[in-house]
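One structure is given here, and the rest of the page talks about it.
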Amino acid sequence: MMNSNDLRMVAEALAMQESWQVGKVLDRKYELTRPLSSKPVANSYLATELETGDSVVLRRCPPGAERGSLEREWEALEACKGDCVQEALSLYPATGFLSLTFYPNATPLIDLTPEQVDAFPILLPKILKALSHCHKAGWIHGDIKPSNVLWDHDSNSIRLIDFGAAMPIGLSRKNLASWHMSTGFSPESQSSGEGAAHPSDDWFALIRWIRQLDNIDVSETSRHNLDRTLAWLSTQM
Ligand SMILES: Nc1ncnc2c1ncn2[C@@H]1O[C@H](COP(=O)(O)OP(=O)(O)O)[C@@H](O)[C@H]1O
Ligand SMILES: [Mg+2]
């Protein structure tokens, strides 16, 4: 049985689906080319900038997201700017989306074929570095998984994408809805760190990812590198 809250979510999802369709023009500036996410209601689209013909990525908030979450994503991308992070272009707060650089020669690590799996341990140090970079900037990525890390084959570099779950380090998830006008949290909730975003959230996600390769055939060198990384990660928890 669906309750009224479920119904509201379904209605919202349908409205979201309706509002972004291939061919739709946003702010007279972009035309949606194709959905990028495989989710039933895509929040990431490839789009064409009408004036230049350039391809960009447009992202909006998922249905049911709390207010200010797009602004938070934008703020995270701005704070974490760098070679290893998805470049943000513009925020459109009125329409509720942001534009990002599209990387045509990159593929997410979820698309690694079994033959390419030995590339992962080589990319791992770059992923660690990218995450450290974000942590030093004061943010956790919050959703580390193979579909959210792009691999550029030409330069053999990686880029973190999808900052939809990024959080300022130390922020309690309970204060989410109101974080933007945060007037300071109580010292006790802060020191107890209850539900607060912490770099170990990202490291933990990475450990889970590496563990998925436990039963997969990789070269001896790769296994050695994976084990070494796991040993280091366990010191960060
Ligand atoms: N800037 C980009 N360049 C190239 N491909 C991208 C880019 N951003 C996203 N993608 C592709 O689209 C997929 C979904 O994008 P993502 O931003 O993670 O959306 P979602 O919120 O649906 O997970 C990624 O896994 C990747 O394959
Ligand atoms: Mg994603």
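Quick note on numbering: the sequence shown equals residues 1 to 237 in full-length UniProt numbering. Glycine residues also receive a C-beta, built at the ideal position from the N, C-alpha and C atoms.
Check: residue i C-beta below 7 Å from any heavy atom of ligand 2
| i | result |
| --- | --- |
| residue 147 | yes |
| residue 162 | yes |
Exposure label - residue i; buried when at least 16 CB within 10 Å
| i | result |
| --- | --- |
| residue 228 | exposed |
| residue 182 | The predicted position of residue 182 is uncertain, since its pLDDT is 42 and thus under 50; no value can be drawn from it. |
| residue 36 | buried |
| residue 85 | buried |
| residue 234 | exposed |
| residue 158 | buried |
| residue 8 | exposed |
| residue 23 | exposed |
| residue 28 | exposed |
| residue 72 | buried |
| residue 172 | buried |
| residue 149 | buried |
| residue 151 | buried |
| residue 211 | exposed |
| residue 167 | buried |
Residue i vs residue j beta-carbon contact at 8 Å
| i | j | result |
| --- | --- | --- |
| residue 77 | residue 56 | no |
| residue 146 | residue 109 | yes |
| residue 201 | residue 140 | yes |
| residue 18 | residue 63 | no |
| residue 197 | residue 170 | yes |
| residue 16 | residue 41 | yes |
| residue 225 | residue 124 | yes |
| residue 153 | residue 105 | yes |
| residue 299 | residue 4 | Within the shown structure, residues of the chain are numbered from 1 to 237, placing residue 299 beyond reach of any answer. |
Heavy atom of ligand 1 within 7 Å of residue i beta-carbon
| i | result |
| --- | --- |
| residue 42 | yes |
| residue 93 | no |
| residue 30 | no |
| residue 59 | yes |
| residue 77 | no |
| residue 120 | no |
| residue 45 | no |
| residue 97 | no |
| residue 52 | no |
| residue 108 | yes |
| residue 150 | yes |
| residue 39 | yes |
| residue 116 | no |
Chain D contact for residue i (CB, 8 Å cutoff)
| i | result |
| --- | --- |
| residue 113 | Among the chains in the structure shown there is no chain D, since it carries only a single protein chain. |
| field | 3 or more residues per run - each beta strand (DSSP E) lying fully within the segment 57-99 | value | The qualifying runs are 88-92.
| said: Just to confirm the assignment: which complete alpha helix (DSSP H) runs, minimum length 4, are found wholly within the segment 88-160? | reply: The segment 88-160 contains these whole alpha helix (DSSP H) runs: 119-136.
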